[in-house]
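Okay, so here's the structure we're looking at.
Chains as they are written, first to last, in the numbering used here: chain B, 3 to 305; chain H, 11 to 274; chain E, 511 to 931.
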C-alpha cells in the first residue's frame, strides 16, 4: 500500500512536468491546428538554460529561493525567445501551405535544435545536483517508507500556481479572449481588429515559457540532462495533450497527470525497461480509439 | 409518369442541439432534374452530405430505387455510396486532383472497373493484354466525355491548370465516369458567367436525356434552376416549405416570403 | 537623411541582433564542461563564436531585407533553376546516371572507401524509393519507416542464422515479413489524419526499437546478432580460404584473392535491388492502384466520392513501401554481417524522410539526386560530420519554405491521350 502511495506521488510529480509541456502543444494546436513537433526540444533548451543559470548563480552566494526565482525567470525569458523564433522562421510562412508542410518543417526544426545544442554543449550528459535537498518521510514504521521530497512539493506547488495564473490569463484577460477568438475563426478575429499574428506569437511564447519551467524542474528533479531529452518528453507530452483532449488546457494538465501516473505505475509494478513502450502504446490507443480525449471537442470535417 | 429514383423519408440531421435538417420528405424521379433551393443555411448541403455518405443521418430513410429494388442509402457509408449504390456527387468547392492530368482524373473515376480488370494489379504487373484492352476502354470513355465538353485538346494538361469553368465541367464528367444512377451536384453553376451557365444547362440536359441518369441539384442560380429543372424542392431552416414545378415555385407565397421576407 | 527603408532595415536588424543574442548567448556562449577535478560542471565562455553568430544573423537579416526591398527571390529561383535543369535533361540524365552506376566499381579513382560510400548511397536510394511510395505517392507522412528496415534486417538475420538458408531465399522472406508487418501496423492507423498518422508511426518506430533492445532472448538485445552469412555468387562464397572440397569465388575464376571482390558483388546486388524497386514502382504508378495513391494524396474526399476505397489503397502503399524497406534491411544485414538496434533509430527515419522531401515527393529521380547530395556529399566531407544533421534539419525547413514540392517538382502524367512521348 505504501509502495502504491509512493508511486502515486512520483507519478503526480512526473505528470506535472508532462502537463506543463502538454499545455504548449495543446495551445498551439488549438490556434493554428498544427502539432509543434519541435516543442519537446524547446523544453530541452529550457532545461539547458536552467542548468547554465544554476551553475552561474551557484557561484554567487545568493540564497536559494532567490536563485530559484532568478533561474525560473531567466529560463522562461530565453526559452520564450526560442519559441518565438521557431514560429517566425519555420511555421508562420507556411500558414497557407499544404497540410503536411508545417509538420515537416517542425521536424526539421526539431533536428536543428537538438543538434544545435549537441554541437554547442557537447553530446555528453550533463550532471547537476541542485541544492534543494531535504524530504518528508511518512509511514516510518512500516516496511516501505514513503518519501516526499521538498523538490516534489516545490514542483507540484509551482505547477498549481502556474495553472491558476494561466487559467486567469486565458479566461479573464484580453489576450485570452483574443486567443479563443483566433481558435474559432482567424479571419473573423482579424476583421474585428485582433492582431492574429501577434496572438499566435504570444501563444508560442506562453507555451515555451511553460516548457521552460518544466525544463527547470526536470534539471532539478533528475539531475541529468542531455540534448536528447526533448524527443521523448515531447512525444509523451503530446500523448498527454491528446489524452486530455487536444485543444483543452485543463485537459492537457489532466492528461499529463494521467500519463505520469500510468508511466510510474507501469515502471513500479510491471517493467521499467518497457515504460516508454507503455507511453507510446497509450498514444497509439488514444489516437485510434479515443482521439478526442477526455475534455476535447469532437472534430467534424466540413465537406 | 416517371418512376421514382430517390425517396427521402423523414430525414433529420442534428448536430448537438442544432437541427440542420428537420423531418424532410421529398422524391426525385428518374430521368428528371430535381433542384433543391433555399436561402443560405437552409440545410441543402447537409442533405447532400447525408445522401452521399458523408454524414450519418440522425433519423429517417433515404431509398434509391432501381431494378425493382430499393437500396437503403443509410447503410452505405463513405466510398461505398459511389462504389455500390452508384450515387455520384460534385462539391461546392471544386475537388479535382490538381496535380494530375485531366485524363488521369477521369481514369481515377473508373478505378473500380480498372482494378477488377487488372486483376487487382496482378494482370497489370504482368503486362497482360487483357488489362491493356480494358485500360483502352476506360480511356475511350474518358475521351467520349471530354469530346462532349470540348476539352479533349487539354486531356494531358494538369487539371489544376484549367480555367474555372472548365474545372467545373470536368468535375461533372468525372462523376459521370462512374456510371451513376443518381448524380448529385452541389452548386455546379457557382462562379460561372452566363455563357458558361448555359453550356452547363446543355450538359445537364444531355446527361438527363441521353444517359438516363437522375440529377439532384443544389443551386442558387435561378437561370439554371428554372431553365432545366423538372422538379423543385424548397428548403428553409431545415424544413421543406414547398415542392413542385419551377413555375409553381415562382408563384408560391411561402417561397417568396422565405427569400424576400414576409410582406409587412 | 536616412531613407525610410533603411531606417526600417536597421531597426529590423537591431531587433534580430537582440533575438540572436538571446538564442546564442546561453547555449553557445556559455558552454558547460566537466571541470578539472571531475566534481561538477563549469562554464567555459565562447564569446568569439557567439559574437560571430550574432553578427552573421544581423548582417544576414540586413541583406535579406535589402533583397526583399528590391523584390527578388534568389533562393527560390536557384532551386527552380536547379529543378528545371534536371527536369529538362530528363532521359539523358537518367541514362548517363545508370551508366555511371554500372561502371562505378571499375573507375580508376574508385577505392574501397568510395565503394562503401557507393553501397551506402544505393541503400539509401532504395530506402528513399520505398518511403517515396508512402509519402511521395500516397501522401502519408510516415515517421517510423525505419521499423520496416529493422524488421527486414532482423528477420533476415534470424532466419539466416537459425536455418542457414541462402541469401536469395531469406531476402524475399524478409520482404514478405516486412510487408505483413506494414499491413499489421497500417490497418488500425490508416484512417487517421495526416499529423496524427505521423506521430503514431513515429511511436511504432520507437516501440520496435525498444523491443529490439530489450527482448534479449529473441533479438539478443543491444548485443545484436552477429555471424550473419554473407551472400554468395551462385554458391561461391568470397572467403580467402574456402573450406575443404568447395571453391570460393577467387579460386573458381582463377583470380588473386581480393577483398574487393565481395564488395563489388555487394555493390551490384544493391544496385539490382534498387533498380527492381524503381521498376516495380514505376509500373504500379501506371496501374489503377498507383493512380489511386496519387489521387488520395491530392484529395481524399474526392476519392471517396468516386468510389475509391481509401483504406485498402493506403494499405497497399504502406505494405509495398514496407516490403522495399524490408528488402533493403536484408541487404544491410548481409552486408554488415552484424546488426544491432543502434542502426535503427528515429534519426534514420528522419534522414530517409529528408531525402524524399528534398528530392521532390513522388519523384524517383529526385530521390536519387537528394540521396547523392545528402549522403554522398556529406560522407566525403567527414570532418563536417557534426554539422551533417543540423544541415539535414535546416534543409527540411528550407525546402518547405521555398520549394515545398522538392527540387524536382515536375510531374509527368502516367498516361497520355495523345500517346506516350
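Yeah, the Cβ is synthetic: ideal placement off N, Cα and C, and Gly gets one too.
Problem set entry | Nearest-angstrom Cβ-Cβ length linking residue 44 of chain B and residue 210 of chain B, presumed shorter than 8 Å | Contact between residue 44 of chain B and residue 210 of chain B is confirmed by a C-beta separation of about 5 Å, below the 8 Å threshold.
For this session: Could you please give the first and the last residue of the uninterrupted alpha helix (DSSP H) stretch that includes residue 813 of chain E?
Result: Per DSSP, the unbroken alpha helix (DSSP H) holding residue 813 of chain E starts and ends at 810-815.
For this session: Compare the C-alpha of residue 30 of chain H against each of H:236, H:256, H:218 and H:50 and name the closest.
Result: When each option's Cα is compared against that of residue 30 of chain H, the closest is H:50.
For this session: Note the first and the last residue of the continuous alpha helix (DSSP H) segment covering residue 13 of chain B.
Result: Element bounds for residue 13 of chain B: 4-34.
For this session: Please say whether residue 625 of chain E and residue 618 of chain E have beta carbons closer to each other than 8 Å?
Result: Not in contact: residue 618 of chain E and residue 625 of chain E (Cβ atoms no closer than 8 Å).
Exercise. Quick one: is residue 902 of chain E near chain B, going by C-beta distance under 8 Å?
Worked result: Against chain B, the CB of residue 902 of chain E has a partner CB under 8 Å away; the residue lies at that interface.
Exercise. To the nearest whole angstrom, what separates the beta carbons of residue 161 of chain H and residue 176 of chain H, a pair I think is in contact under 8 Å?
Worked result: Indeed, because the Cβ distance is near 6 Å, the residues count as touching under 8 Å.
Exercise. Nearest-angstrom Cα distance between residue 188 of chain B and residue 101 of chain B?
Worked result: In this structure, the straight-line span from the alpha carbon of residue 188 of chain B to that of residue 101 of chain B is close to 17 Å.
Problem set entry | Cα-Cα separation, residue 515 of chain E to residue 577 of chain E | Cα to Cα, the separation comes out at about 12 Å.
Problem set entry | Interface residues of the region 93-113 of chain B facing chain E [CB-CB below 9 Å] | Result list: 95, 96, 99, 100, 101, 102, 103, 104, 105, 106, 107, 108, 109, 110, 111, 112 and 113.
Exercise. Would residue 148 of chain H pass as a contact of residue 111 of chain H if the rule is Cβ separation under 8 Å?
Worked result: No, Cβ-Cβ distance for residue 148 of chain H and residue 111 of chain H is not below 8 Å.
Exercise. Distance, Cα to Cα, residue 186 of chain B vs residue 297 of chain B?
Worked result: When the Cα atoms are used, residue 186 of chain B and residue 297 of chain B turn out to be separated by approximately 17 Å.
Exercise. Which same chain residues, not among the five before or five after residue 77 of chain B, have their C-beta less than 6 Å away from its C-beta?
Worked result: 48, 51, 52, 214 and 218, listed in sequence order.
Exercise. Beta strand (DSSP E) containing residue 83 of chain B: first to last residue?
Worked result: Annotation: residue 83 of chain B is outside any beta strand (DSSP E); the continuous alpha helix (DSSP H) that includes it extends over 66-88.
Problem set entry | Contiguous alpha helix (DSSP H) assignments of at least 4 residues, all confined to the region 226-268 of chain H | Taking only runs of at least 4 residues, the alpha helix (DSSP H) segments lying wholly in the region 226-268 of chain H are 232-238 and 256-261.
For this session: Compare the C-beta of residue 93 of chain H against all C-beta atoms of chain E and say whether one is closer than 8 Å.
Result: Closer than 8 Å: yes.
Exercise. Whose Cβ in chain B lies nearer than 9 Å to the Cβ of residue 702 of chain E?
Worked result: Neighbours of residue 702 of chain E on chain B, chain order: 289, 290 and 293.
For this session: List in chain order: all unbroken alpha helix (DSSP H) runs of 4+ residues lying wholly within the region 862-923 of chain E.
Result: Residue ranges of uninterrupted alpha helix (DSSP H) with 4 or more members, entirely inside the region 862-923 of chain E and ordered along the chain, are 874-881 and 895-912.
For this session: State the CB to CB distance for the pair residue 221 of chain B and residue 130 of chain B, rounded to an integer number of angstroms; the pair is presumed to be in contact (CB under 8 Å).
Result: Rounded, the Cβ-Cβ distance is 6 Å, consistent with contact.
Exercise. Taking the alpha carbon of residue 7 of chain H as the point to measure from, which residue in H:39, H:77, H:96 and H:45 has its own alpha carbon closest?
Worked result: As shown, chain H starts at 11 and ends at 274. That puts residue 7 of chain H outside it, with no answer to give.
For this session: Could you say which of E:629, E:710, E:570 and E:784 lies nearest to residue 885 of chain E if we only look at CA atoms?
Result: The candidate whose alpha carbon is nearest that of residue 885 of chain E is E:629.
Exercise. Which of the residues in the region 652-678 of chain E, read from start to end, lie with their CB under 7 Å from any CB of chain B?
Worked result: Listed by position, the residues of the region 652-678 of chain E near chain B (Cβ gap below 7 Å) amount to none.
Problem set entry | Residues that residue 712 of chain E contacts on chain B, provided the C-beta gap is smaller than 8 Å | Chain B residues near residue 712 of chain E: 237.
For this session: Determine, using beta carbons only, whether residue 257 of chain B and residue 243 of chain B come nearer to each other than 8 Å.
Result: Closer than 8 Å, so yes.
Exercise. Since residue 29 of chain B and residue 205 of chain B are thought to touch, with beta carbons under 8 Å apart, how far apart are those beta carbons, to the nearest angstrom?
Worked result: Yes, they are in contact, since the Cβ atoms of residue 29 of chain B and residue 205 of chain B sit about 5 Å apart, within 8 Å.
Problem set entry | Backbone secondary structure at residue 40 of chain H - three-state DSSP | Residue 40 of chain H sits in coil when the DSSP states are folded into three classes, being neither helix nor strand.
Exercise. Helix, strand or coil: which one does DSSP assign to residue 7 of chain H?
Worked result: Past the edges of chain H, shown from 11 to 274, lies residue 7 of chain H, and the structure says nothing about it.
Problem set entry | Through-space distance from residue 196 of chain H to residue 56 of chain H, alpha-carbon basis | When rounded, the distance between both Cα atoms is 11 Å.
Problem set entry | For residue 110 of chain H, three-class secondary structure by DSSP | Of the three classes helix, strand and coil, the one that applies to residue 110 of chain H here is coil, per DSSP.
For this session: Pick helix, strand or coil for residue 80 of chain H, following the three-state DSSP scheme.
Result: In the three-state DSSP reduction, residue 80 of chain H falls in the strand class (E or B).
Exercise. Do you know how far the Cα of residue 20 of chain B is from the Cα of residue 834 of chain E?
Worked result: Distance between the alpha carbons of residue 834 of chain E and residue 20 of chain B is about 37 Å.
Problem set entry | With 16 other Cβ atoms within 10 Å as the buried cut-off, status of residue 268 of chain B | Buried, since its Cβ has 16 or more Cβ neighbours within 10 Å.
Exercise. Is residue 223 of chain H closer than 8 Å to residue 8 of chain H when the C-beta atoms are compared?
Worked result: This structure does not reach residue 8 of chain H, given that chain H is present from 11 up to 274, and the question cannot be answered.
Problem set entry | Closer than 7 Å: residue 64 of chain H CB and nearest the ligand NAP heavy atom | Of the ligands one can find in the structure shown there are none, so the ligand NAP has no counterpart to examine.
Exercise. When DSSP labels each residue in this structure, what does residue 274 of chain B get in the three-state scheme?
Worked result: It is coil, neither helix nor strand.
Exercise. Considering only residues of the same chain and omitting the five flanking positions on each side of residue 281 of chain B, which have a CB-CB separation below 7 Å?
Worked result: Once the five neighbours on either side are set aside, the close Cβ partners of residue 281 of chain B are 238, 241, 261 and 265.
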